[in-house]
Amino acid sequence: MPEVMLEGVPVRFPFEPYEVQQAYMSKVLRCLQNGDNGILESPTGTGKTLCLLCSTLGWLEVKKAEYKSRLHTASSSQDTPEFLASLSSQLISGTGQAWGGKNAPPKIIYSSRTHSQLSQAVSELKRTTYSYLRMAVLGSRDQMCIHPEVSKETNNNSKVHMCQIRVKAKTCYFNNQVDVKKDEPEVRQGVHDLEDLVKLGKKKTFCPYYMARELRQDADIIFLPYNYLLDPKTRKAHGVDIQGNIVIFDEAHNIEKMCEEAASLQIRSTDLALCIDEVTQVMKKFQDAGEGSTIAANDSSQALPEDFSPDDLYTLKALFLELEKAIDVLPLPSDGTGTTYPGSFMFELLEKADITPGKKTIILEVLDKLIQYLTTNSSSPFQRKGAGLQKFSDLIKIVFSKDNFSLHHMEFVKQCYKVHVNIEEPKKRPEGWGAPKPNTLTSKAGRVISYWCFNPGFGMKDLAEQGAKCIILTSGTLSPLDSFTSELQVPFPIQLENPHIIQPYQVWVGTVCCGPDGFTLNSSFRNRSDPRYVTSLGQTILNISRVIPGGLLVFFPSYTVLRSCRDDWQASGIWSKISVGKPIFVEPQIKEEFHNAMEEFYQKINDPAFKGACFMAVCRGKVSEGLDFADRNGRAVIITGLPYPPFKDPRVVLKQKYLEESRARNKRGLSGQAWYQLEASRAVNQAIGRVIRHKDDFGAIILCDNRFAAGGFRQQLSAWVRPHVNVYNNFGPAIRDVINFFKNAKNLLPQPEVKKGQGEPAISIQYEAPGGSSLPPVPAQALQSASSRIIISDSTRKKLAEARANQDTDYNTSNWETNDYSGVKKGEKRTNRGDGSLFSALEEKSSIVNFNNFQASSSSASSSHIPTDYNSIKINNKKRKIKLVAKKIPERLESLSEGTVTSNNVSPHILKALNPAAELCRESESCEGLQESLPSGQKESLLPGHVPPFPTTSKQETGENQKLKSIAVYIKEVKSCLSKEKYGVFSALVKSYQKDKDYTAMMGILSGVFSEEPQQRRLFRKFEQFLIKEHRPMFQAACS
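Numbering (UniProt numbering), first residue to last: 1 to 1040.
Structure representation (structure tokens):
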């Protein structure tokens, strides 16, 4: 494994690091050696996490070696017993027994936003030579508990107390096994993420949650979510010691928001009412017990608590009642905007209920004991479990977070916090005679008290004061760094904005200012409801989707905008047109549904029946955070607008007001408007980071809002994106350059292998009209019910898939081998013949054999290409031998645009009406002697583009024949009336409708094929003969 010397530290890397990776690791090492804080931006795809791990662990390896060397030198000298005792203590510290001790080498505390991101970091650690170092990963009980009863509890707070009670009473078998099995090699050795530890815990019957805490004690590197560091309550609960250790925040673009969230809280009138009710329930148990009465020892649900007295309950209830009264009398405006107070108002409000900093400890102790009692004695999930009391406990911990409650701290709180009071929105309840009666706890209109922190530096400074050796913030989207650091109010002397490792030809960035119809693309609040804008944006996405290979990500400013556009596009038919080439997935807000949607999206990407898939999501949503859309999974990202926070939201308004006040007071810092714009830019940077995921990846970034053309917005894009931005005032040049970009990238870069999904999809033909327009994928089913029973082998299927994947390559079937075709033996029955209906063949799956280019040639010309054991075909009692000549598989079905009627583009029965000679070939029961040519008089009838006249017959035509003739006449009229392009669209539409029965998609495309001219309107109405019975009434209504 290559080793590089950086800043005097040898760093082993899985491969020879790139220049940008060496620059990044040098900055990390400078932070570690100097004890300075650092803020480092490196784009996604540059190996940021791997660089971070290798550099920090390489430095730690050196420090541990130096420390052991000093201890060895000291122990070899003649020293006093007192010194040896001190040395022994240091040795224990050196092995990690003293977590965060001054003499021990520092630990690496590696944090990221989500557990999935932590799992990715642990996977990167496994790739390095540093995986021998001891590690631990911390998680919640919700993720790690395997106790059969506790794990079923849905309320997280109740789960915590249920666990604590069992651990304290030593009644949890799994926890009791931790001390017994913590030193087993399988537990101590190796790299385990959360899932690995849970599996191991189930196998070895130990508690994964407490085993992780045990492993943490002597771990060299600890992985945890970064709310475990930023939230003082959680940090204390998990015993995370910062003193003297290295703190790393990966994916730190959300660090400001998380700092504010960790120091903020809302409490509602219903929460207080619940607190009163929970205390009252316990008081009734005391009353029911009576003086001197006894309670059955074996009835745990009736056992009285010993940790608190009735006086504690009376005091607590009085406290809640006084606070409720104080909140209810707060004045509120009638316009519903609420009232805002300075942060110090919360102290005044609590003081009215006799809640002061000096009583914090006593109140919290009683609350904790009461919550544990309620949790233990609630046998039913519908009984009170202390949820209201837990909420109030959190409020006390946040408001009185400092142990030393000085006047300086109160002044700081007054500046950094705001208290917002508003009416509590009642929960929606079902109406009608069967609706439940309103709960007395929630029927009265209540208040919401919001205690909001607007200074992220409040939490970051608290973390820095814990004595960390250094703090490193890193992400792919931190720009602009100056504004980022100014908000955190902690010095970051070491900074880096890394470029990308990709070449200019691997990324295309364009600001598209107008749609195909020339309407300006501007997703401002005023324009979003304009039907012209919505239509223009839809047409823009439709046209772009047709030229993007693989996955397309479309990001909207919010769920509201996404849903509005979806509804409008479904009504207008744009939605169905997009889904023709790329099935559309919409980001769900439910966790379980999101996982399923992602799985289906990846499957469609690898389905050769489609040209990828489209995922419509929102900025700041799940799709924009940490998901992998490498290679074909994400070839382009479209940003439909600037995702500003809701400007009327009270928290957004107060944040801007706070920044303006702070700027006026300190004469520096962000303005409210600058912060508002940065919020949108950072969300955009995070979304566009989904495209380029590694050094060989490539993709397009399309900004569909003319506001991105302004210089201010361009400067706020990530540093690696800015040099590539081009502005397009017209749509045509933009789409042309996108097409050229992908064509060049395809020729210059290695193409990833197409992953096979679950099951092989039916082979289909994708017709592309001139100009890049895309039509429904057409299943190749023309010969499925043919009695000639010619089918295509697996090797041919593979070549067809390759032909579609490589659109610039013409595959000549004359070069295919003999076994590419396989014939069914004479007399063997064919299954799945269909029901014999007009389009039964279109409803079955098969592969393609093209009959549109029959020609005569010498009998020996193709003997090496086609089997020779076919029976001859009888036509008019004369032996006529037909030769199958293999034809190139073109990029487009030229036969459709030229109007050629073949078994590939028309159903078998229509083919019979239009081309009887070819149909006779199809319906022959054997195909011997097909190498021989037809008589010269019959050759022309099978040449491309030739449609022979209908045969005359003296017999009375049946009803079916009349119907077939009518269809043939109709198709001929359509062909003569429409352009080549539109006729190709029409042909593909017929087959697509017969397969999917999608009326909405059919109408959306059909209405674009025929114009309003009388003749074309007549042909539009006659399309009814292709419809199934259920759709005909709707079609007739549309035509009237």
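Ideal Cβ positions, reconstructed from N, Cα and C, are used throughout, including at glycine.
- Annotation for P232: no beta strand (DSSP E) segment contains it, though the alpha helix (DSSP H) segment containing it runs 232-237.
- Going by DSSP, H408 is part of the alpha helix (DSSP H) stretching over 407-416.
- Judged by DSSP in its simplified three-state form, S966 adopts helix.
- In the three-state DSSP reduction, M1 falls in the coil class, being neither helix nor strand.
- Per the coordinates, the alpha-carbon of C51 lies some 6 Å from the alpha-carbon of M25.
- Contact between A326 and K352 holds: their C-beta atoms lie close to 4 Å from each other, under 8 Å.
- Here the stretch 631-643 lies against the stretch 694-708, with 3 or more beta-carbon pairs under 8 Å apart.
- A direct Cα-to-Cα measurement between D368 and Q489 gives close to 34 Å.
- Boundaries of the alpha helix (DSSP H) around G388: 387-399.
- No Cβ-Cβ contact shorter than 9 Å links S42 with L6.
- Here V1009 has K982, V985, F986 as same chain residues with Cβ atoms under 6 Å from its own Cβ, once five neighbours each way along the sequence are excluded.
- According to the DSSP secondary-structure assignment, R12 is paired through a beta bridge with E3.
- Rounded to the nearest whole angstrom, the CA to CA distance from A613 to G476 is 26 Å.
- If you draw a straight line from the Cα of L407 to the Cα of V413, it comes to about 10 Å.
- Per the coordinates, the alpha-carbon of N747 lies some 21 Å from the alpha-carbon of N606.
- The stretch 665-680 makes no contact with the stretch 219-239, as fewer than three CB pairs between them are under 8 Å.
- As the crow flies, the alpha-carbon of S992 is around 50 Å from that of S140.
- Distance from the CA of F519 to the CA of Q539, rounded to the nearest whole angstrom, comes to 11 Å.
- Apart from the 5 residues on each side of it in sequence, F585 sits with its Cβ closer than 6 Å to the Cβ of A597, F601, F615 in its chain, given in chain order.
- Taking a cut-off of 8 Å for Cβ pairs, the stretch 478-488 and the stretch 15-23 do not touch, as fewer than three such pairs fall below it.
- Residue environment analysis places N156 among the exposed positions, since fewer than 16 neighbouring C-beta atoms fall within 10 angstroms of its C-beta.
- Distance from the Cα of N254 is smallest, within the candidate group N726, K202, Q686, for Q686.
- If you ignore the 5 residues before and after E278, its C-beta comes within less than 7 Å of the C-beta of L374, R384, G386, G388, L389, all in its own chain and listed in chain order.
- In the three-state scheme derived from DSSP, where H, G and I count as helix and E and B as strand, Q495 is classed as strand.
- Fewer than three beta-carbon pairs drawn from the stretch 619-631 and the stretch 521-528 are found closer than 8 Å, and the two stretches are therefore not classed as touching.
- DSSP places E41 in the uninterrupted beta strand (DSSP E) bounded by 38-41.
- Contact annotation: Y110 and F223 have beta-carbon atoms nearer than 9 Å.
- Take the alpha-carbon of D312 and the one of L364: they are about 12 Å apart.
- Boundaries of the beta strand (DSSP E) harbouring V448: 447-453, taken from the DSSP string.
- Pairing Y210 with N175 gives a Cβ-Cβ distance under 9 Å.
- Residue pairing of C470 in beta bridges, as defined by DSSP: I246.
- Around the C-beta of A710, fewer than 16 other C-beta atoms lie within 10 Å, and the residue is accordingly described as exposed.
- According to DSSP, residue pairing for F556 in a beta bridge involves V618.
- Counting along the chain, R268 sits inside the beta strand (DSSP E) bounded by residues 265-268.
- Residue range 310-328 is occupied by the alpha helix (DSSP H) that includes L319.
- The residues G388, in chain order, have a CB closer than 6 Å to that of L274 in the same chain once the five nearest residues on each side in sequence are set aside.
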